[in-house]
Amino acid sequence: MDPPPCLKCGAPTRSRNPERPIPFALGARHHQLLNSNEPPLETDLLSMQSFVSAHLSSLDSEISGLRARLKQLEDKRAELSSHLMQNTTILAPLRRIPPEVLGEIFRGRYPPFARAWMEAGST
1 MDPPPCLKCG APTRSRNPER PIPFALGARH HQLLNSNEPP LETDLLSMQS FVSAHLSSLD
61 SEISGLRARL KQLEDKRAEL SSHLMQNTTI LAPLRRIPPE VLGEIFRGRY PPFARAWMEA
121 GST
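FYI, in the UniProt record's numbering the residues of the sequence shown are 1 to 123.
Listed below in structure tokens is the structure:
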């Protein structure tokens, strides 16, 4: 049974024992073959292949799920990055300068005769 997903992000959580060793405990016959030069029987080969195939399949399934989750997170990140780029002008520091200060800055930019003309036109 799979552990419940993370409550915050929905990601699959790891089991309580994440670094569990690969269970190669196939029994006394397996141990005997490891510690001798005796050739394995056909049933030994089938048993070992079946055992390893099942664990590889399990790992492949877990990897596939993690890749799908990674794709979801990458898509979400790209969406947020795009949103940030679209709203960069809103975040510009210039927008936080009071209009009065900007007016003073640009008023000093014009020559004296233009300033007099602008001030006369604004009243």
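Glycine included, each C-beta is placed from N, C-alpha and C at the ideal position.
Inter-residue spacing [alpha-carbon to alpha-carbon] between Arg77 and Gln49: 41 Å
Coarse secondary structure for Ala78, derived from DSSP in three states: helix
CA-to-CA distance, His83 to Pro5, given in whole angstroms: 28 Å
Ala11 vs Arg69 beta-carbon contact at 8 Å: yes
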